[in-house]
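Encoded as structure tokens, the structure appears first; notes follow it.
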Amino acid sequence: MSTDDDPTERNGAAAPVAEVRELRVEIGGRAIVDGVSLRALPGRVTALVGASGSGKTTTGLALLGEYPPGARVTGDVRVGAGGPAGYVPQHPATVLNPARRISALLTDIARAQVRDLPRARRGTAARQRVLRALAEAQIPDGEALLRRYPHQLSGGQQQRVVLAQALLLGARVIVADEPTTGQDALTKNRVVNQLADVAERGISVVLLSHDLDVVRALADEVHVMRAGRVVESGPAPRLWLAPQQQWTRELLREPPEVPRPGVPDGTGLPVLRVRNLTARHRDGTRGTAVALRVPALDLRTGECLAVVGRSGSGKTTLARCLAGLHRDHDGEVLLDGSALPRSLRGRSRAELAAVQYVFQDARAAFDEHRPVLDQVARTATRLRGAAPETARQEALATLARLGLPEDLAHRGVRQLSGGELQRAALARALLARPRVLICDEITSGLDTVARRGVLATLRGLLGDRDGLSLVLITHDMDTARLAHRVAVLDAGELVEQGPTHQVLTEPRHPSSVSLVAATASPGPGAVP
1 MSTDDDPTER NGAAAPVAEV RELRVEIGGR AIVDGVSLRA LPGRVTALVG ASGSGKTTTG
61 LALLGEYPPG ARVTGDVRVG AGGPAGYVPQ HPATVLNPAR RISALLTDIA RAQVRDLPRA
121 RRGTAARQRV LRALAEAQIP DGEALLRRYP HQLSGGQQQR VVLAQALLLG ARVIVADEPT
181 TGQDALTKNR VVNQLADVAE RGISVVLLSH DLDVVRALAD EVHVMRAGRV VESGPAPRLW
241 LAPQQQWTRE LLREPPEVPR PGVPDGTGLP VLRVRNLTAR HRDGTRGTAV ALRVPALDLR
301 TGECLAVVGR SGSGKTTLAR CLAGLHRDHD GEVLLDGSAL PRSLRGRSRA ELAAVQYVFQ
361 DARAAFDEHR PVLDQVARTA TRLRGAAPET ARQEALATLA RLGLPEDLAH RGVRQLSGGE
421 LQRAALARAL LARPRVLICD EITSGLDTVA RRGVLATLRG LLGDRDGLSL VLITHDMDTA
481 RLAHRVAVLD AGELVEQGPT HQVLTEPRHP SSVSLVAATA SPGPGAVP
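Start counting the sequence shown at 1; every next residue gets the next number (the UniProt record's numbering).
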């Protein structure tokens, strides 16, 4: 399907380094990409935007010669000679070997590029290339990170490691699939600057993104997709100023301010309480290192607490401690005044149901060999003892409420987009009827339309269901406005907490000030 084509100058204009012509991808007789064409030019950023499931990722993966299992493919895909296509996926954990340290993952690539050097110089040269790629991917503490395994990194750190891999490969075209998903505003700005630098070096960037601020900052050409088709395309300035299609206008519409739910009555003990929590990560041969310190943090019944901070600040580690997924910690996590076992395996069925976790990487949280509907329904059966048919009907109703219709619910994991799986993961957690729902960046992989719907659903859950409390892990300060209170983490320390309005309008700690200031639209040059 993919053939080489020499990207030389033709008639005074640079030839594309990659090109897609009339691509059609069918699965089970249904077209998930239908007649898509695009040209990736050297030094230019071509963006594909659209809702989850619109075909963006399938089109981008075609440039790497990758298609869904059992797909019927027609059309033409050409990638120029001179270097492979690099790929930065939406879910970086899927391409990072969990059994190998980051140093091994990157050094294998670098060694292949220095094989012509004398043997005595290869190791040092490869190490220098790896550290340079990490620095270019906005990981300044590369030496420390190299000793870790992928699971010891935050989602944002994993994403930047994958970007470093693509840079090491020396690709002429890089497919960046939601490269800023799950990252805080400061890190997002740095990634935008990095991709802009990549383009300035003559590398073509194919950007697949729902983050319109990032697209505005980077894209030269924009293709708007819906249901597998390109419904509108053109130069970025024209499309932003004068969109022709109603669907494009809906995507570009400024989201309304997210209203906070009503204030909880504040009476009684907190439903969840953290006391003197110190969490550790294993750090290579040096044993363990402190990753998080939280002296005191409370969550009251009916309350939404947003936990914000830069990528790697400890947000996910805190969430995993609450859910029993990170047991290497001291201190206590109390539910209704009683200490929860540190490990998930030590918790009773009632405790498991009471504290539910929705992962940032929804794809990794599902079994790809079973229909999504079965996995969602199983929660009600396993944790609440619901009859199978009752659980199935409840699962269908909850999925539909979150925007996932029945025909999608019956499909396998590989047939759903990242955003669709994120909504399925939320439905699965809700079927446990939890007291505490921990949402780890669950809107980060959603387009603007779907994000508005999920945030409205979360707000409704807090208002409609007695006893539900929400811990919202987010890098997005706009999303944090949903919360009653905000806690700010920086370098593993709880540096500030208080009412949302106070923290977001009058932040006190320098880290909070930086996060609020960086909420403005990112753009090349935005970060000093």
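From the three backbone atoms N, C-alpha and C, an ideal C-beta is built for every residue, glycine too.
Cross-strand partners of residue i (DSSP beta bridge)
i    : result
L239 : Paired residues: none, contrary to the question.
L208 : L48 and D177
I27  : R30
Y87  : V175
V36  : L23
R229 : R226
L437 : Q356 and L470
T59  : Its beta-bridge partners do not exist; DSSP assigns none.
G234 : V222
Q74  : The sequence as given places Thr at residue 74; Gln does not occur at that position. Bridge partners of T74: R24.
Residue i (DSSP reduced to helix, strand or coil)
i           : result
I203        : coil
V222        : strand
V17         : coil
E420        : helix
I139        : coil
D184        : coil
V215        : helix
D447        : coil
P69         : coil
L426        : helix
G498        : strand
G43         : coil
G156        : helix
G123        : helix
S511        : helix
E250        : helix
L431        : coil
Q128        : helix
L145        : helix
A518        : coil
residue 531 : The chain is shown only over 1 to 528; residue 531 falls outside these bounds and no answer can be derived.
Q194        : helix
L64         : coil
Cβ shell of residue i (< 7 Å), same chain only, five flanking positions each side left out
i    : result
R111 : R122 and A126
T8   : In this predicted model, T8 has a pLDDT of only 45, less than 50, meaning its place in the structure is not dependable; the value taken from the coordinates is given anyway. So the list reads A15, once near-sequence residues are dropped.
A354 : L335, P434, R435 and V436
A409 : V372, L373, L396 and L399
T59  : V20, L23, V33, V36 and L48
Same chain, Cβ closer than 8 Å to residue i, five either side skipped, listed in chain order
i    : result
L455 : V258, T443, T479 and L482
Q157 : I139, L145, S311 and G312
L169 : G83, P84, G86 and I109
Q194 : E136, A137, Q138 and L163
H329 : L277, T278, A279, R280, L292, C321 and R342
Q113 : A126, R129, L168 and G170
A487 : L297, L305, A306, V307, V308, L494, E496 and Q497
Same chain only: Cβ atoms within 6 Å of residue i, ignoring 5 sequence neighbours per side
i           : result
G12         : Low confidence applies here, because G12 scores a pLDDT of 47, under 50, leaving its location unreliable and the question unanswered by this model.
L430        : T398
residue 538 : Here the chain covers residues 1 to 528 and nothing more, so residue 538 does not appear.
V358        : A425, L426, A429, C439 and I442
A362        : L421, Q422 and A425
D34         : R24, G228 and R229
Problem set entry | At least three beta-carbon pairs within less than 8 Å, the region 27 to 42 to the region 157 to 171 | no
Exercise. Could you give the uninterrupted runs of the alpha helix (DSSP H) lying entirely in the region 271 to 357, keeping only those of 4 residues or more?
Worked result: 315 to 323 and 349 to 354
For this session: Tell me the start and end of each unbroken beta strand (DSSP E) in the region 450 to 496 that is at least 3 residues and wholly inside, in chain order.
Result: 469 to 473 and 485 to 490
Problem set entry | the region 16 to 33 in contact with the region 72 to 84 per 3-pair CB rule at 8 Å | yes
Problem set entry | Runs of beta strand (DSSP E) lying entirely within the region 349 to 416, each at least 3 residues, in chain order | 355 to 358
Exercise. Could you give the uninterrupted runs of the beta strand (DSSP E) lying entirely in the region 89 to 119, keeping only those of 3 residues or more?
Worked result: none
Problem set entry | Segment contact, 8 Å Cβ cut-off, at least three pairs: the region 344 to 355 with the region 210 to 228 | no
For this session: Check whether the region 322 to 329 touches the region 374 to 392, taking contact to mean three or more Cβ pairs, one atom from each stretch, closer than 8 Å.
Result: no
Problem set entry | the region 369 to 378 contacting the region 306 to 313, beta-carbon criterion three pairs below 8 Å | no
Exercise. At a cut of 8 Å, does the region 179 to 198 reach the region 226 to 233 through at least three beta carbon pairs?
Worked result: no
Exercise. Would you call the region 276 to 295 and the region 489 to 505 in contact, with 3 or more CB pairs under 8 Å?
Worked result: yes
For this session: Would you check if the region 413 to 425 and the region 52 to 68 touch, i.e. whether three or more CB-CB distances between them fall below 8 Å?
Result: yes
For this session: Count the CB pairs spanning the region 128 to 140 and the region 91 to 107 that are closer than 8 Å, and state whether there are at least three.
Result: yes
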